[in-house]
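Heads up, the thing below is written out as structure tokens.
2 protein chains.
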Amino acid sequence: MGGDHAPDDIVRGALLYRDIGGPAELVLVGDEARIARVLGTKATGIEVVHAASVVEMGEHPATALRRRDDTSIGVATRLVKDGKADAVVSAGNTGATMAAALLILGRVRGIDRPALCGMLPVTSERKATCLLDAGATMDADARNLLQFARMASAFMTKVHGVDRPSVGLINVGEEAEKGDKLALEAHALLAGAEDLNFYGNIEGRDVLRGLTDIALTDGFTGNVVAKTLEGALDVVQGGIRRDIFGGPLGKLAGLVALPGIRRFRGRFDYDPYVSAPLLGIAGVSVVTHGRAKANMMRWAIAVAERAVASRLVEAIGSTAAPAA
Amino acid sequence: MGGDHAPDDIVRGALLYRDIGGPAELVLVGDEARIARVLGTKATGIEVVHAASVVEMGEHPATALRRRDDTSIGVATRLVKDGKADAVVSAGNTGATMAAALLILGRVRGIDRPALCGMLPVTSERKATCLLDAGATMDADARNLLQFARMASAFMTKVHGVDRPSVGLINVGEEAEKGDKLALEAHALLAGAEDLNFYGNIEGRDVLRGLTDIALTDGFTGNVVAKTLEGALDVVQGGIRRDIFGGPLGKLAGLVALPGIRRFRGRFDYDPYVSAPLLGIAGVSVVTHGRAKANMMRWAIAVAERAVASRLVEAIGSTAAPAA
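Protein chains in written order, with numbering that gives the first Met the number 0: chain A, 0 to 323; chain B, 0 to 323.
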């Protein structure tokens, strides 16, 4: 029931996943009648579990989840807790998905704080960069950042097949002696972690360039960076649409430039990569974009399936175990 | 001597400023022979002061300034200290300009830490937003942020004529109870500061939208945001050039769309606003973009002149005085 195009595109994404033969079995959780309307006669093999309410946008997620046990994200997450599902996927409010994951599934033993991976489209040969923490944890310390780097490395390896993913620490300069207290401490810990492929410091401009597979920072800075990029792309895409391809001449130019426009859009089309599980949660809870349409939803389910099949949660647990 | 196009475009910017009748008297500081070559026969009314060396890009600025007293930024800043000039303007390494300003001019009495204002082009009716601190101070506390807000308000009022500039605190959500420890404390201080026009929290996506005149954050986050935006605009502009308007069809489309492309570029053409004085320094030291060409340089001189004429440094000093 979450996201800008729910439930229609969520349901359509599930159908798309089923129709291309995705291995996961699907359970749709939410308003049964509304879901049934979209499913129509195509419901074969898809289970529906009714949830009468949702966490409203204005609500404090944890409060809503404690007060009502019939929210769609609460019911779906409890299916995982109860072993009736292997993963939960949501395009809804990230705060609500995270609150449900923390309250119902809890943290992996040994992981002190969870992290949210914001997947970004990048222009290097990499397909996407995992920016984390995109806002799950406020006031992280250097040891938290080290754990985030390990969790993200496990995620990029297990789910996206990246061999020894490189970790860049977002900082105000490339030199090891640059940064605030947190960055300096984190740099020292990361440089000493032999299990990680630590690249060193990277700068803000390197994130979208895809200099590293993982761009590591604290949840405050990561959230601001992720939203800044989102805003910048919106502003630029709106400007291109209105300024360059608006008006009669612009429309003509747009027809001529169509193949190029498609190529340009393709760079920011990263439906297969946009979804990511909450890292550090004792279960697979995948967050996808609130703007998710059917195709993005289909890929979000695939990410969840790969996280389960590759035993990502166990892998994260083993990174948290004290070194031998 | 600083910046990508020095000394040629720096000199040309000075000539441009003089030729449009700008009120400031100009002193060019650097390699006398190279400057003379660009000035040619047009040197009327422009003084040249020789400086034999520069702070090299790889050098630690403060060390270079302590070791050599003939760097162009050192000599130029000392002209201000000695009362032989009212302001210094540089397109060189921001770190070197800042180190010279701190070492030679020092801080305004009562201001604990300096702040760097990164001026951003925005799409609202505002011309530009001052993002600060863009990296002058690491590990700022909430009282530092309050001072930054007051300094930026004085700057936007005095230099850009903005009446009661609005201050947005960059945070992970709009609600007052959102954020890390620093953001929560800063919010409380800002909300209680009756001399400020405090808007409340803003998010990363609001910065480029120009929701407020001032986007306030600590120097770590501000630096990362500024460089992230720079990188994003580079990536997008490169993509537009190559993908949409590259190739024969694209070139044709580009001809047809030319008025629109000019309109689009115009949005990011903010030469009059890009330069800003270092805030909290006991003198006017204006930083402009390393990419500055003559026109941007001309405007940087105008910003310096307005900062001097409007007594910005004194105004900042009076915001630091204990309230009556």
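All C-beta atoms in this analysis are idealised placements derived from N, C-alpha and C, irrespective of residue type, glycine included.
- Straight across, the Cα-Cα distance linking R11 (chain A) with F244 (chain B) is about 35 Å.
- In this structure, the CA atom of P247 (chain A) is about 25 Å from the CA atom of G237 (chain B).
- Around the Cβ of I72 (chain B), a 10 Å sphere holds 16 or more other Cβ atoms; the residue is buried.
- The continuous stretches of alpha helix (DSSP H) do not include T216 (chain A), and DSSP gives it neither H nor E.
- For N92 (chain B), the closest Cβ of chain A is not nearer than 7 Å.
- A distance below 7 Å separates the beta carbons of A95 (chain A) and V54 (chain A).
- Within 9 Å of the CB of T122 (chain A), the CB atoms of chain B belong to V234, G237, G238, in sequence order along the chain.
- In this structure, T220 (chain A) places its C-beta atom within 7 Å of the C-beta atom of V223 (chain B).
- Cβ-Cβ distances below 6 Å link V161 (chain A) to M155, D212 in the same chain, with the five nearest sequence neighbours on each side left out; the list follows chain order.
- V88 (chain B) has its alpha-carbon roughly 15 Å from the corresponding atom of L15 (chain B).
- For the stretch 265 to 315 of chain B, the full-length alpha helix (DSSP H) segments reaching 4 residues or more read 293 to 308 along the chain.
- For the 7 Å CB-CB criterion, L131 (chain A) and A99 (chain A) do not form a contact.
- Assigned with DSSP and collapsed to three states, R241 (chain A) falls in helix.
- For A127 (chain B), the enclosing beta strand (DSSP E) starts and ends at 127 to 131.
- For secondary structure counted as the alpha helix (DSSP H) over 4 or more consecutive residues, the stretch 119 to 195 of chain A holds these complete runs in sequence order: 141 to 159, 180 to 190.
- In the displayed model, R106 (chain B) falls within a strand according to three-state DSSP.
- Collapsing the DSSP output to three states places I19 (chain A) in coil.
- At a C-beta separation below 9 Å, N222 (chain B) has these neighbours in chain A: N170, V171, G172, E202, G203.
- Check the Cα spacing between A291 (chain A) and each of A:V307, A:L311, A:D205, A:A90: the tightest is with A:A90.
- Between A185 (chain B) and A214 (chain B), the C-beta gap is not smaller than 7 Å, which leaves the two residues out of contact.
- Residues of the stretch 243 to 257 of chain B that bring their beta carbon within less than 9 Å of a beta carbon in chain A comprise I243, F244, G245, G246, L248, G249, L251, A252, G253, L254, V255, A256, L257, in sequence order.
- In the DSSP secondary-structure assignment, V47 (chain A) is bridged to A:L27.
- Within 8 Å of the CB of D3 (chain B), no CB atom of chain A is found; the nearest one sits about 15 Å away.
- The beta carbon of L104 (chain B) lies closer than 8 Å to those of T76, V79, K80, I280, A281, G282, S284 in the same chain, with the five residues before and after it left out.
- Comparing alpha carbon positions, the residue from B:G191, B:E173, B:I169 closest to L181 (chain B) is B:I169.
- Beta-bridge analysis with DSSP links G199 (chain A) to A:G167.
- A98 (chain A): member of the alpha helix (DSSP H) spanning 93 to 99, first to last residue.
- Residues of the stretch 259 to 292 of chain A that bring their beta carbon within less than 9 Å of a beta carbon in chain B comprise G259, I260, R261, R262, F263, R264, G265, R266, F267, in sequence order.
- Bounds of the alpha helix (DSSP H) holding V79 (chain A) are 71 to 80.
- A residue is called buried once 16 or more other Cβ atoms fall within 10 Å of its Cβ, and M296 (chain B) is buried on that count.
- The beta carbon of R106 (chain B) sits closer than 7 Å to the beta carbons of P113, G279, I280, A281 from its chain, once the five residues preceding and following it are set aside; these are given in chain order.
- At a cut-off of 7 Å, the C-beta of F147 (chain B) has no neighbouring C-beta in chain A.
- Between the beta-carbon of V206 (chain A) and that of G230 (chain B) there is about 7 Å, and that keeps the pair under the 8 Å contact cut.
- Nearest C-alpha to G209 (chain B) among B:R241, B:L101, B:P120, B:G259: B:P120.
- The beta carbon of A275 (chain A) sits closer than 6 Å to those of C116, M118, all from its chain and outside the five residues before and after it, given in chain order.
- When A:D3, A:A320, A:G316, A:V307 are compared, the shortest CA-CA separation from A23 (chain A) is found for A:V307.
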